[in-house]
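The sequence shown begins at 1 in the UniProt record's numbering and counts up one residue at a time.
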Amino acid sequence: MRTSWADLSYGRMNTRFYSNSARGYTPVQFSEVDATPQNESFYRWACRLPLPKERLVNARLRDDDTLIQVDVSSVKRIGESVFLWTRYDYPEIHLDPPYDAPFDSKREFIKVNCAASSYRILLGYDFTPEGAMTDGMTEPSDEDLPFTANDDYVLAIKDVACDSSLDPIKFAGIGGSPIRPKASLPRDQNFEDVANPPAVIAAAAKLQSILPQGPMAASAKIAVEIQNSKHQGDGSVVKIIKPSQNGTVRVQEIYSPQFTVDREWLGPVQLKSKMNSSLSGDRDVTITQSLAVEAPIWAPDAGIVFQTEMLTGRKSTKSDTSCHLGQPVEAETVHASLKGKAWPLNCHYDNGNKDNGFYIEELRYYLATHSESEYGISDYVIKGTEVER
Numbered sequence: 001m002r003t004s005w006a007d008l009s010y011g012r013m014n015t016r017f018y019s020n021s022a023r024g025y026t027p028v029q030f031s032e033v034d035a036t037p038q039n040e041s042f043y044r045w046a047c048r049l050p051l052p053k054e055r056l057v058n059a060r061l062r063d064d065d066t067l068i069q070v071d072v073s074s075v076k077r078i079g080e081s082v083f084l085w086t087r088y089d090y091p092e093i094h095l096d097p098p099y100d101a102p103f104d105s106k107r108e109f110i111k112v113n114c115a116a117s118s119y120r121i122l123l124g125y126d127f128t129p130e131g132a133m134t135d136g137m138t139e140p141s142d143e144d145l146p147f148t149a150n151d152d153y154v155l156a157i158k159d160v161a162c163d164s165s166l167d168p169i170k171f172a173g174i175g176g177s178p179i180r181p182k183a184s185l186p187r188d189q190n191f192e193d194v195a196n197p198p199a200v201i202a203a204a205a206k207l208q209s210i211l212p213q214g215p216m217a218a219s220a221k222i223a224v225e226i227q228n229s230k231h232q233g234d235g236s237v238v239k240i241i242k243p244s245q246n247g248t249v250r251v252q253e254i255y256s257p258q259f260t261v262d263r264e265w266l267g268p269v270q271l272k273s274k275m276n277s278s279l280s281g282d283r284d285v286t287i288t289q290s291l292a293v294e295a296p297i298w299a300p301d302a303g304i305v306f307q308t309e310m311l312t313g314r315k316s317t318k319s320d321t322s323c324h325l326g327q328p329v330e331a332e333t334v335h336a337s338l339k340g341k342a343w344p345l346n347c348h349y350d351n352g353n354k355d356n357g358f359y360i361e362e363l364r365y366y367l368a369t370h371s372e373s374e375y376g377i378s379d380y381v382i383k384g385t386e387v388e389r
């Protein structure tokens, strides 16, 4: 039915169907259609179609615990071709980019040519454990995929499609229930809910003790233009900066209405961060899990060396950073609306990246003005500021 509707509406082209909004994935909702003769004729035909009974059988089990299943009641033999439905049953719920659509299984309608040792995927659907379809694809391809040795999916197809004596009532595959319970997705972590370990807090306190303690602004909003050597056209970001008495600063970086990043800093050290995207978000807060700081004094020509280990979910990333302090200048030389002192900082990272900018005393914030990495050379130009004191 979906193939017929897609061919009627779009012609023979690859098509995906899923429901989304500006905030990301949303469950599919029924909607009214125009009462045109074409629509009425199509829906009358569709509603008369019989609902076949499905009989899923576990055919193979992959090393990653994915079950390859076949609906043996769907097998149809027409000439040299065999048509049937298959199903991947994944061990856990996943989120499908770009809109984080949840799914724990995928059904595919395939055409098999056993004589040519090939098959073709005609339709594909993603489903939730509750049976809701979250993504659909029609693929009217004219190219067949070859049977490949040791591919569990291919072996499952051959077990069923290429055995002309198969009795769909008696075929049991590898046995076991085709439906497995799945753990619910973990709750999306809130930035405020995740704290640094005590050892990191202790190391941060040593760094905080040498930071300048001049007058502090209540908050600031800084609009920055990003000029990158590898990208045509300039990007931009708005930074909402809120310093605190303990020396840390909360920063929200707004790149677009759909994408922001929350960060917490202490001088040049990031303590935690979280990306927030309405299209494909990170559910975890990236947190500094370990921190070692060598910073005997905050003074011109002094060095600050620190090692961090950052944890995002189960992924760990280690980094060594070395920063050099310059002679302090009046902050108004960075931007006319800023007051107090600004300390030049030049930082090098063990992956070859480097950046430089100013530690603005009244904001308790390291404002980068230039960076170099594999992504190109970037300059960050202040286009406007609002400071609340």
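Every residue, glycine too, gets a C-beta built ideally from N, C-alpha and C.
Quick caveat, the model's predicted, so the values are computed rather than measured.
Length of the line joining the Cα atoms of residue i and residue j
i      : j      : result
Lys76  : Pro102 : 31 Å
Arg23  : Gln289 : Low confidence applies to Arg23: its pLDDT is 48, below 50, so where it sits in the model is not reliable enough to give any reading.
Gly136 : Val238 : 37 Å
Cys47  : Lys53  : 16 Å
Ser277 : Lys106 : 25 Å
Ser373 : Val200 : 27 Å
Glu225 : Lys315 : 31 Å
Ala115 : Gln38  : 40 Å
Lys383 : Arg250 : 21 Å
Ser74  : Phe109 : 9 Å
Tyr380 : Leu367 : 9 Å
His348 : Glu388 : 32 Å
Ala331 : Ala205 : 25 Å
Thr317 : Glu32  : 50 Å
Pro212 : Trp298 : 8 Å
Arg60  : Val70  : 9 Å
Leu345 : Tyr88  : 53 Å
Pro243 : Ala202 : 19 Å
Lys274 : Ala302 : 31 Å
Ser117 : Leu271 : 55 Å
Tyr359 : Phe191 : 24 Å
Pro197 : Leu291 : 10 Å
Tyr375 : Val194 : 30 Å
Met133 : Ile377 : 44 Å
Asp65  : Asp163 : 26 Å
Leu122 : Glu143 : 11 Å
Gly214 : Thr333 : 17 Å
Ser236 : Glu80  : 58 Å
Element boundaries [alpha helix (DSSP H), containing residue i]
i      : result
Ile157 : 152 to 161
Leu207 : 198 to 208
Own chain, CB closer than 6 Å to residue i, minus 5 neighbours either side, in chain order
i      : result
Val82  : Val112, Ala161
Asn351 : none
Thr385 : Ile222, His335, Ser337
Met310 : Thr286, Thr288, Thr317
Ala220 : Ile241, Leu363, Val387
Span of the beta strand (DSSP E) around residue i
i      : result
Pro37  : It is not in any beta strand (DSSP E) - Pro37 instead sits in the alpha helix (DSSP H) that spans 37 to 47.
Glu386 : 376 to 388
Asn58  : 56 to 61
Glu130 : No beta strand (DSSP E) holds Glu130; DSSP gives it neither H nor E.
Ile240 : 235 to 243
Gly357 : 354 to 360
Thr308 : 303 to 312
Ile297 : Here Ile297 belongs to no beta strand (DSSP E), and DSSP marks it neither H nor E.
Val224 : 219 to 228
Val70  : 67 to 78
Phe171 : Segment: none, Phe171 is in no beta strand (DSSP E) and carries neither H nor E.
Ser81  : 81 to 96
Ala336 : Neither: Ala336 is in no beta strand (DSSP E) and is coded neither H nor E.
Glu108 : 101 to 113
Ser31  : Looking at the DSSP string, Ser31 is not in any beta strand (DSSP E), and its letter there is neither H nor E.
Leu271 : 269 to 277
Gln252 : 248 to 256
Check whether residue i and residue j have beta carbons under 9 Å apart
i           : j      : result
Thr312      : Thr286 : yes
residue 475 : Phe127 : Nothing can be reported for residue 475, as the shown portion of the chain is limited to 1 through 389.
residue 394 : Lys341 : Residue 394 is absent from the structure shown; the chain starts at 1 and stops at 389.
Pro168      : Arg55  : yes
Gly326      : Pro300 : yes
Leu145      : Tyr119 : yes
Gly149      : Val57  : Correcting the residue type first, residue 149 is Ala in the shown sequence and not Gly. The answer is no: Cβ separation not under 9 Å.
Leu67       : Gly176 : yes
Val269      : Thr308 : yes
Ile157      : Leu49  : no
Own chain, CB closer than 8 Å to residue i, minus 5 neighbours either side, in chain order
i           : result
residue 441 : As shown, the chain starts at 1 and ends at 389. That puts residue 441 outside it, with no answer to give.
Close beta carbons around residue i, own chain, < 7 Å, minus the five adjacent residues each side
i      : result
Gln208 : Asn246, Gly247, Leu266
Val72  : Arg55, Val57, Val160, Pro168, Phe171
Ile210 : Ala295, Ile297, Trp298
Ala217 : Pro243, Glu362, Leu363, Val387, Glu388, Arg389
Leu166 : Val160
Gln227 : Asp234, Ser378, Asp379, Val381
Lys230 : Tyr375, Gly376
Touching by the beta-carbon criterion (3+ pairs, under 8 Å), the region 180 to 187 and the region 81 to 93: yes
The region 352 to 359 touching the region 240 to 259, judged by at least three CB pairs closer than 8 Å: no
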